[in-house]
Amino acid sequence: METNLKKSKKKYSLSFFDWIEKIGNKLPNSVFIFISLAVVVIIASEIVHRMGITVSYFDAKKSENVVVSAVSLMNREGFVYMITSMVKNFTSFAPLGVALVAMIGVGVAEYSGLIDAFLKKIVLSVPNRYITATIVFVGIISNIAADSGYLVVIPLGGIIFLSLKRHPFAGIAAAFAGVSAGFSANLLIGPIDAQLSGITNEALKIAGIDRTISPTANWFFLSISTILLTIIGTVVTEKIIEPRLGKYEKDTQNFEYSQLTELENKGLFWSGIVVVIFVIALGFMIFPENAILKTLDPKTSTYTLNAFLNNGIVPIIMIFFLIPGIIYGVITKSIKNTKDIVKGMNKSMETMSVFLVIVFFASQFISYFNHSKLGFIISVKGAIFLRNIGFTGLPLIVTFVFLCAFINLFMASASAKWAIMAPIFIPMMYNLNISPAMTQLAYRIGDSSTNIIMPLMSYFPLIVAYMNKYDEDAGVGNLISLMLPYSLFFLIGWTIMLVLWYLTGLPIGPDAFLHV
Numbered sequence: 185m186e187t188n189l190k191k192s193k194k195k196y197s198l199s200f201f202d203w204i205e206k207i208g209n210k211l212p213n214s215v216f217i218f219i220s221l222a223v224v225v226i227i228a229s230e231i232v233h234r235m236g237i238t239v240s241y242f243d244a245k246k247s248e249n250v251v252v253s254a255v256s257l258m259n260r261e262g263f264v265y266m267i268t269s270m271v272k273n274f275t276s277f278a279p280l281g282v283a284l285v286a287m288i289g290v291g292v293a294e295y296s297g298l299i300d301a302f303l304k305k306i307v308l309s310v311p312n313r314y315i316t317a318t319i320v321f322v323g324i325i326s327n328i329a330a331d332s333g334y335l336v337v338i339p340l341g342g343i344i345f346l347s348l349k350r351h352p353f354a355g356i357a358a359a360f361a362g363v364s365a366g367f368s369a370n371l372l373i374g375p376i377d378a379q380l381s382g383i384t385n386e387a388l389k390i391a392g393i394d395r396t397i398s399p400t401a402n403w404f405f406l407s408i409s410t411i412l413l414t415i416i417g418t419v420v421t422e423k424i425i426e427p428r429l430g431k432y433e434k435d436t437q438n439f440e441y442s443q444l445t446e447l448e449n450k451g452l453f454w455s456g457i458v459v460v461i462f463v464i465a466l467g468f469m470i471f472p473e474n475a476i477l478k479t480l481d482p483k484t485s486t487y488t489l490n491a492f493l494n495n496g497i498v499p500i501i502m503i504f505f506l507i508p509g510i511i512y513g514v515i516t517k518s519i520k521n522t523k524d525i526v527k528g529m530n531k532s533m534e535t536m537s538v539f540l541v542i543v544f545f546a547s548q549f550i551s552y553f554n555h556s557k558l559g560f561i562i563s564v565k566g567a568i569f570l571r572n573i574g575f576t577g578l579p580l581i582v583t584f585v586f587l588c589a590f591i592n593l594f595m596a597s598a599s600a601k602w603a604i605m606a607p608i609f610i611p612m613m614y615n616l617n618i619s620p621a622m623t624q625l626a627y628r629i630g631d632s633s634t635n636i637i638m639p640l641m642s643y644f645p646l647i648v649a650y651m652n653k654y655d656e657d658a659g660v661g662n663l664i665s666l667m668l669p670y671s672l673f674f675l676i677g678w679t680i681m682l683v684l685w686y687l688t689g690l691p692i693g694p695d696a697f698l699h700v
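Be aware that the sequence shown starts at 185, since it is given in our numbering, and climbs by one per residue.
See the structure below:
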């Protein structure tokens, strides 16, 4: 990546992004970045612990007051924790199992030639000018299905761009921006809407405010946001990212696409039939009232898809690629026996070796940071600061958005942050005539926009691994410098949209208004 990124010394040589890029290129390998960050956390935990800094807040999830102080990692207990938790940190790292399971199916589909043929179909049928927008848009709406965007859309973004003789990093960046920075936006209501509205309602209950909001409280605004972010993501990709990256100079002859052969068309047709049958069968398992994939929610005593959406999507992704991949391979003769199927699975695991090494060290850093409680302290201190500065109305909302964007750099979980911040800001803004739905919306904009420049985000190592497929020298610094323009323009553009919406006074969701 370093070689290609240096080509930016053309029209944009004195820009702010060039400066960020230079810093990114000077950073060490991703593994050593996470080692360095872990060392910083260890030292910082001791300093903050010795200073005796504590914070207290009301946790809306636990419905209790919580007092948090820094936990030092530079003492006997800290040393024992780091040694005894090392293996667990690695094996319990959420994206690890998710990525490996999904890659079993994806690997077979790739080995059989199904993915290549499908991309060939897209490249030959979709006008090039719509490709970027399509990738960003699909990335945004993919968050309805939990991890599918990270596992499918982002790597496909790189492959599609490469097939069009465009830089694969630009495709990865466009998809990553849609999937992660556009996390809150969607045309549909998803699990995160239910989680955050539940925390908001708990904060209202705690404050003695007789009011609730529904999961659809931000739907109008966030559905329109899908269009805005698609436009911003497309413009940033084509006007900033691609000119800076320059031409991808490595061999792309394998991506010279000619018309599909008769056998490839036949394989696509029958694998497509299998996909349709699979989707119909899945529909019967999720849509009926007592569908097999629905589980009983003890809080509501109703059967919901929450458990499936949170934990069952990845096996579905694996099967979704595995079976059509086998069908395509059998028809096109790329799969002749069961050994070929296993060979495809093995080959996909070989490509994950870099990811596994990065994940080991990234998981230690994230575990140390969480164990030290530094993220909680930063979040609560930031929330108290905003509460004390005395802003009201629109200035308060805009400041709150940027505070959430900043805090997100230190604490990854959207629901965990909101559980800390909601009991503070929901009643505070309610008393200033700002509705709970509006407060929650402002939080979601700030929280979503900086996901793509946050090394603490659990999928960060996976995105680096995708980049390493095209350039083994690419690392965390390169990824951050690549994604910073998206983060800034998403945050600014989304905030401007929020301001304009606020000035119009339009509802942000069904029965969800701006003011109390």
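Glycine included, every Cβ here is placed at the ideal spot set by N, Cα and C.
CB contact check: residue i to chain D, cutoff 8 angstroms
i           : result
residue 281 : No chain D appears in this structure, which consists of one protein chain only.
Residue from the options with nearest C-alpha to residue i
i           : options            : result
residue 392 : 384, 626, 453      : 384
residue 390 : 271, 607, 262      : 607
residue 702 : 681, 235, 260, 629 : In the structure as shown, the chain begins at 185 and stops at 700. Residue 702 is therefore absent and cannot be evaluated.
residue 431 : 268, 540, 352, 334 : 352
residue 651 : 242, 539, 602      : 539
residue 690 : 500, 622, 565      : 622
residue 483 : 675, 503, 378      : 378
residue 388 : 675, 619, 655, 673 : 619
residue 338 : 679, 653, 531      : 653
residue 525 : 216, 264, 265, 289 : 289
residue 233 : 252, 243, 218      : 252
residue 566 : 419, 241, 501, 231 : 241
Cut-off 6 angstroms between Cβ atoms - residues of its own chain near residue i, not counting five sequence neighbours on either side
i           : result
residue 280 : 543
residue 631 : 588, 592, 598
residue 617 : 699, 700
residue 194 : Only weak support is given to the placement of residue 194: the predicted model assigns it a pLDDT of 45, under 50, and the value that follows is read from those uncertain coordinates. Correct list: empty, nothing qualifies.
residue 505 : 289, 290, 293
Status (buried if at least 16 other CB within 10 Å, exposed otherwise) for residue i
i           : result
residue 314 : exposed
residue 414 : buried
residue 446 : exposed
residue 192 : Confidence in residue 192 is poor, its pLDDT being 42 and thus under 50, which makes the residue's placement unreliable; the coordinate value appears in the next sentence. With 16 or more Cβ atoms within 10 Å of its Cβ, residue 192 is classed as buried.
residue 311 : exposed
residue 349 : exposed
residue 685 : buried
residue 480 : exposed
residue 560 : buried
residue 648 : buried
residue 309 : exposed
residue 692 : buried
residue 235 : exposed
residue 688 : exposed
residue 197 : Because the pLDDT at residue 197 is just 40, under 50, the model does not fix this residue reliably, and the value given afterwards should be weighed accordingly. Flag for residue 197 reads exposed.
residue 433 : exposed
residue 260 : exposed
residue 549 : buried
Neighbourhood of residue i by C-beta distance below 8 angstroms, restricted to the same chain and skipping five residues each side
i           : result
residue 344 : 303, 306, 307, 315, 319, 355
residue 220 : 212
residue 458 : 507, 508, 511
residue 615 : none
residue 523 : none
residue 297 : 448, 451, 512, 513, 516, 518
Per-residue DSSP class, three states only, for residue i
i           : result
residue 261 : helix
residue 617 : coil
residue 656 : coil
residue 512 : helix
residue 216 : helix
residue 242 : strand
residue 402 : coil
residue 479 : strand
residue 230 : helix
residue 474 : coil
residue 369 : coil
residue 556 : helix
residue 574 : coil
Close beta carbons around residue i, own chain, < 7 angstroms, minus the five adjacent residues each side
i           : result
residue 556 : 225, 229, 254, 255, 257
residue 596 : 638, 640, 641, 642
residue 476 : 469
residue 527 : 295
residue 551 : 269, 273
residue 679 : 582, 585, 629
Quiz item: Can you list the alpha helix (DSSP H) stretches of 4 or more residues lying completely in the stretch 276–345, in chain order?
Solution: 278–296, 298–309, 312–325
Practice problem: Return the chain-ordered ranges of every alpha helix (DSSP H) run that is complete within the stretch 424–464 and spans a minimum of 4 residues. | Solution: Annotation note: the stretch 424–464 contains the following uninterrupted alpha helix (DSSP H) runs of length 4 or greater, listed N- to C-terminal: 426–429.
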